Structures are given as C-alpha cells and as structure tokens.
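In the numbering used here, the protein residues as written are 30 to 82.
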Amino acid sequence: MTTAPRILFVCLGNICRSPTAEGVFRALAQEAGLTARTDSAGTSDWHIGDAPY
C-alpha cells in the first residue's frame with residue numbers, strides 16, 4: 030500500500046501565505062483525485078492566537 034505524501038507549506042507568520050497555499054493545493058489535489066496530507070506553518074510567533082486573514 031502506498032502512503033500519501035506529506036506536504037508542509039511554510040511562510041513567516043502562517044497567517045496568510047502558507048494557509049492560502051495549503052487551501053489552494055487541497056482544492057486542486059481533490060479535483061485531480063489525488064490524496065496528500067497537508068499542513069501549514071510559520072517560522073515566527075508574531076501572530077500566535079490571531080485568526081488567518
């Protein structure tokens with residue numbers, strides 16, 4: 030059995046770019062019938078507790 034790839038989208042604060050990239054990727058992967066485990070992360074803690082834009 031093949032394991033689904035794991036993909037991590039990373040930007041500075043994980044408040045806009047990486048969550049958007051993850052969402053776009055998930056939508057396109059679903060359209061294409063692909064399965065992948067995705068997540069997003071940031072390299073700084075400036076926005077801890079803030080909601081995504």
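Every residue gets a Cβ at the ideal spot worked out from N, C-alpha and C, and that includes glycine.
Since this is a predicted model, take the numbers as computed values, not measurements.
- The beta carbon of Trp75 lies closer than 7 Å to those of Gly42 in the same chain, with the five residues before and after it left out.
- Assignment of beta-bridge partners to Ser69 by DSSP yields Phe38.
- Assignment of Thr32 by DSSP, reduced to helix, strand and coil, places it in the coil class.
- Judged by DSSP in its simplified three-state form, Gly78 adopts coil rather than helix or strand.
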